[in-house]
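S.K.: Residue numbers (numbering that gives the first Met the number 0), protein chains in the order written: chain A, 0 to 290; chain B, 0 to 272; chain C, 0 to 374.
Okay, handing you the structure first.
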Amino acid sequence: MRRAALIAVPYFWLLVLFLVPFIIVFKISLSDAALAIPPYTPTLRDGIAAMFAEFDFENFVFLTEDDLYWKAYLSSLRIALLSTFLTLLVGYPIAYGMARAPEEWRPTLMMLVILPFWTSFLIRVYAWMGILSNEGLLNQLLIWLGLIGEPLQMLNTNFAVYVGIVYTYLPFMILPIYAALDRMDGSLIEAAEDLGCSRLQAFWLVTIPLSRNGIIAGSFLVFIPALGEFVIPSLLGGSGTLMIGKVLWEEFFNNRDWPVASAVAVILLLILVIPIVLFQRNQQKQAEAEQ
Amino acid sequence: MRRLSWFNVTSLTLGFAFLYLPMVILIIYSFNASKLVTVWAGFSTRWYGELIQNEAFLDAAWVTLKVAVISSTLATVLGTMAAYTLVRGGRFFGRTLFSGMIYAPLVMPEVITGLSLLLLFIGIGLDRGVLTIVLAHTTFSMCYVSVVVSSRLISFDRSLEEAALDLGASPFDAFRLVTLPIIAPAVISGWLLAFTLSLDDLVIASFTAGPSATTLPIKIFSAVRLGVSPEINALSTIMIAIVTVGVLTASLVSKRASLRQQQDAQAAERATG
Amino acid sequence: MSQNVFAPWDDPNAKPLIRFQNVTKRFGEFVAIDDLTLDIFEQEFFALLGPSGCGKTTMMRMLAGFENISAGRIELSGQDIGKVPPNKRAVNMMFQSYALFPHLSVWENIAFGLKRDRKSKEQIDARVAEMLKLTRLEKFAHRKPHQISGGQRQRVALARSLAKAPKLLLLDEPLGALDKKLRQDTQFELMDIQEQTGTTFVIVTHDQEEAMTVASRVAVMDEGRIIQVATPSAIYEYPNSVYVADFIGDVNIIEGKAKPAGEELFHLEWAEGRAPVKAASQQPFSEGQTAHLAIRPEKIRISTEKPEEAVNLFEGKVLDIAYLGNLSTYHVELPSGQVIKAQTANTRRLARRDITWEDPVWISWSATAGVMLDR
């Protein structure tokens, strides 16, 4: 009896507040926009039967006709992919350095990586606004060095979005790679060198393959949230920065077109299913390998 | 142990500089006397003074704190139950769906979670305010709590619970007297995680907050959209300081506990030779 | 049989404390316990012995109430305990990992079960003190489990499981985590405590030496079945199968065809053109039946000179010598290629090392030295 209650309470909570809302999003993506509150028909108040009676794919047709949307999807994919790659380039040497650091430093280094994660995401993004703006510190520094004559436009560009994503998601990349490198037996490198590898060859042939799972996990952990990112493109990106999270937000809050916003969400979800399933499979394989 | 090569030293230095410099700069400029945020005009705590007098910010901070405490506590209870069910529940109807619903919010874009919850609240005619934000935050942070707690439960030696049952404890007593005290650190980290997630959340709160309740991140976001402001610098500094002190204390406490445990173990070794 | 020998299993009127009746346990397709029937008597020190995966731990967990049985019936003092949950059974268990509660002190660990019975404070204090004394842990009462040594932890686990004075105490590999020297001391300690408290002990172990040392009876298990239940000496001297003979101690197995040669005497044709092995057996074998002669190495004599009278006498050469300090084991290869192990005690300090590698030697044994087995 107690066991049933133990299962039922969180189960019911998630059904009502997670699954049902999804069904509603899916449903509304198939309804018509209306000038009312809520601005779509038919509503839940018209009865469940009525809601499901009038399926209508015109919002999805609309998404394919207006090139804003598929451009936003493509651009989100491109930005997420490229910034994942950049995060890997920045994160790997840090994780590597941490794994090679003396034993007694490692807990401190770990904490230094985790600490930013506990600080507000919004504040960390905001910190870059002051650095990247036209009168910002970076431009001042570059002018002072004599590298440029006038301020570069960095804030409100895709460049700033890349910086923002790399900066905020860096811990997600470092931690799994560090975990993989930390587990690695140091004598493997010595064995490779003993068998005639140069340092660099040993790195390529032993270290990289053995940290592969960490690299994959870290990349998914950056790629998946970056794809639906809203705060970074809206604070650091410009009007030309198209990301689907931002489009959804604007469709909802500015245009008040709920059915289209819902349709955008449904498609974003469909796109995300692929990396999520791949990620899950990678994690499972790793868990099995460890057993 | 090989000494750190200069390559590793460089990558660590540059890496941590990249992680910390932006925040350090933000903190320095919060003490700037000038309204122009990029020009240094001497040290001043002026913006902290103005911040304290800003009623709108204080109200929002109060709402945020209230939401965070309630939602993280609820999320900890629900998340621990869910973790226990997942790890110890055995088979039950809809188990796959349940574990799917636990893991999905972790990878769900916030815009989608926010949108879907808002549509639900409107659909059932619930007015948006503190209650709706609490419901929304509890829902996604209970999933984080359950992941943290279940990873502890998986490594938990099950024979401890069996020993309690064997000695005559009812299943509930076994949980209360044995399991809970041992997994307490994970439950506490889960609560802290849920609390921080709630404090930080902008997107989901924006969807589910109504005119009657605004949270601090929403306030900061609308202020920041217009550009850098010294007041926000001051506010950010305070928030960074609180988090830093909190995390440092937590890690010191756990480090001392593990150190003591090590010493005890060594003493035990010596005592028996 | 004399009266002061403890052997209730030989008494047809004795009532068993535990009775397994055709018990079967399945995990999905896998049969962990296969139609098993067994009686265990009061005050016994009973050992379940077998390789890992033989079902011995499953049997113990069924007694404790952590596994349901798929078929059959388990009785404790004549009552079916199949439906009784673990926290309502008068059975306590000492776990392999000890399962000491890490957040509670030694004293609180021992008191845990007593508190569940809502005993008065005085009763609890007295009983815990008694247990601490029994296990010589008085000095450590207020330490936490991680502040004491492995051997002390083992004693805390024992004290905790004995505190409620259970009818039956289950011990799952109780000494597995201790090093060899400590294990031997602790074996005798366990036997003392068992005798003092008069509790029935059922111990699960994969260590045959441990089972032989502590137990009044040993059950040798394999693949969910009990192969033989008997006293340690009976198991060693009269194994009922090659499996048991091989599992317990060191043994030579000579396989051949039996041929009756007088009253309870057989010839074993084991190699073409060689003299048959003569062996006594109470179990009858028909002419030409396959039989295995199991013979312990210490029952085989080895000498450099041909002994005068010997029932079974063979010549061979020394292949290997294992010097164990108190004993030496010689591996002797016969001309047929068969290798026979012979063991002698090194009773003299400066052993005359008159036997060395490649030496031709004679090995001999009597007709009653071995056991003839049909499987």
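Note that the Cβ used here is the ideal one computed from N, Cα and C, for glycine as well.
Between which two residues does the beta strand (DSSP E) containing C/Phe29 stretch?
M.R.: If you look at C/Phe29, you'll find it in the beta strand (DSSP E) that goes Phe29 to Ile39.
S.K.: Could you tell me which chain A residues have their CB closer than 7 Å to the CB of B/Phe15, listed as they occur along the chain?
M.R.: Leu111
S.K.: From B/Asp263 to C/Val105, what does the alpha carbon distance come to, in whole angstroms?
M.R.: 14 Å
S.K.: Would you mind sorting C/Gln282 into buried or exposed? The rule is 16 or more other CB atoms within 10 Å of its CB.
M.R.: exposed
S.K.: Going along the stretch 237 to 267 of chain B in order, which residues come within less than 9 Å of chain C, judged by CB to CB distance?
M.R.: Gln260, Asp263, Ala264, Ala266 and Ala267
S.K.: If we count the other Cβ atoms within 10 Å of its Cβ and call it buried at 16 or more, is C/Gln207 buried or exposed?
M.R.: buried
S.K.: Going along the chain, which residues of the stretch 81 to 94 of chain B sit with their C-beta nearer than 8 Å to a C-beta in chain D?
M.R.: Reference to chain D is not applicable here, since the protein chains of this structure are A, B and C.
S.K.: Could you tell me the alpha carbon to alpha carbon distance between B/Ile203 and B/Gly226, rounded to whole angstroms?
M.R.: 22 Å
S.K.: Whose C-beta lies closer than 7 Å to the C-beta of A/Val124 among residues of the same chain, with five residues either side of it excluded?
M.R.: Excluding sequence neighbours, A/Val124 sits near Gly163, Thr167, Val230, Ile231, Leu234 and Leu235.
S.K.: As a quick exercise: from B/Arg175, B/Arg45 and B/Phe17, pick the residue whose alpha carbon is nearest that of B/Phe30.
M.R.: B/Arg45
S.K.: Using 8 Å as the limit for Cβ to Cβ distance, is C/Leu16 near chain B?
M.R.: no
S.K.: Cutting at 6 Å between CB atoms, please list the residues of its own chain near C/Glu286, excluding the five before and the five after it.
M.R.: Lys258
S.K.: Beta carbon of B/Ser10, beta carbon of B/Ser71: below 8 Å?
M.R.: no
S.K.: Show which residues of chain C have a CB atom less than 9 Å away from the CB atom of B/Val177.
M.R.: Phe100, His102, Leu103 and Phe111
S.K.: Taking only beta-carbon positions, decide if B/Ser10 is within less than 8 Å of chain A.
M.R.: yes
S.K.: If contacts are defined as beta-carbon pairs under 8 Å, then C/Asp221 and C/Met59 qualify, I think. What distance do you get, rounded to the angstrom?
M.R.: About 16 Å; that fails the 8 Å criterion.
S.K.: B/Pro180 versus chain C: which residues are under 7 Å apart at the beta carbon?
M.R.: His102
S.K.: Checking the sheet assignment: what are the DSSP bridge partners for C/Pro50?
M.R.: Beta-bridge pairing links C/Pro50 to no other residue.
S.K.: Which value, in whole angstroms, describes the spacing of the CA atoms of C/Glu248 and C/Ala293?
M.R.: For the sequence presented, residue 248 of chain C should be read as Gly rather than Glu. Approximately 11 Å between the Cα atoms of the pair.
S.K.: Given C/Pro173, which residues of its chain have a CB within under 6 Å of its CB, disregarding the five upstream and five downstream residues?
M.R.: Met93.
S.K.: Against chain B, with Cβ distances strictly below 8 Å, would A/Ile214 count as a contact?
M.R.: no
S.K.: Answer with yes or no whether the minimum CB distance from B/Asn53 to chain A is below 8 Å.
M.R.: For B/Asn53, the answer is no, since every Cβ of chain A falls outside 8 Å of its Cβ.
S.K.: Looking only at its chain, what residues have a beta carbon closer than 8 Å to the beta carbon of C/Asp319, apart from the 5 residues adjacent to it on each side?
M.R.: Around C/Asp319: Tyr329, His330 and Trp356.
S.K.: Any idea what DSSP makes of C/His330, helix, strand or coil?
M.R.: The three-state reading of DSSP puts C/His330 in strand, counting E and B together.
S.K.: Along chain B, in chain order, which residues have C-beta atoms closer than 8 Å to that of C/Pro85?
M.R.: Near C/Pro85 (Cβ distances below 8 Å), the residues of chain B are Glu161, Leu164 and Asp165.
S.K.: Buried or exposed: which applies to C/Thr36, given that a residue is buried once 16 or more other Cβ atoms fall within 10 Å of its Cβ?
M.R.: exposed
S.K.: Would you call the stretch 135 to 143 of chain A in contact with the stretch 214 to 225 of chain A, where contact means no fewer than 3 C-beta pairs closer than 8 Å?
M.R.: no
S.K.: Using a Cβ-Cβ distance cut-off of 8 Å, determine whether B/Ser115 contacts chain A.
M.R.: Contact of B/Ser115 with chain A is assigned, a C-beta pair being separated by under 8 Å.
S.K.: Rounded to the nearest angstrom, what separates C/Gly272 and C/Pro334 at their Cα positions?
M.R.: 11 Å
S.K.: Chain A beta carbons: is any one of them nearer than 8 Å to that of B/Phe171?
M.R.: yes
S.K.: Is C/Trp269 helix, strand or coil by DSSP?
M.R.: coil
S.K.: Along the beta strand (DSSP E) that carries C/His141, what are the first and last residues, could you check?
M.R.: Per DSSP, C/His141 belongs to no beta strand (DSSP E) and is neither H nor E.
S.K.: Span of the beta strand (DSSP E) holding C/Met220?
M.R.: Residues Arg216 to Asp221.
S.K.: Straight-line CA distance for C/Ala89 to C/Thr196?
M.R.: 15 Å
S.K.: May I ask you to list the residues that DSSP assigns as paired with C/His291?
M.R.: C/Glu254 and C/Leu372
S.K.: Over what stretch of residues does the beta strand (DSSP E) that includes C/Gln227 continue unbroken?
M.R.: Arg224 to Ala229
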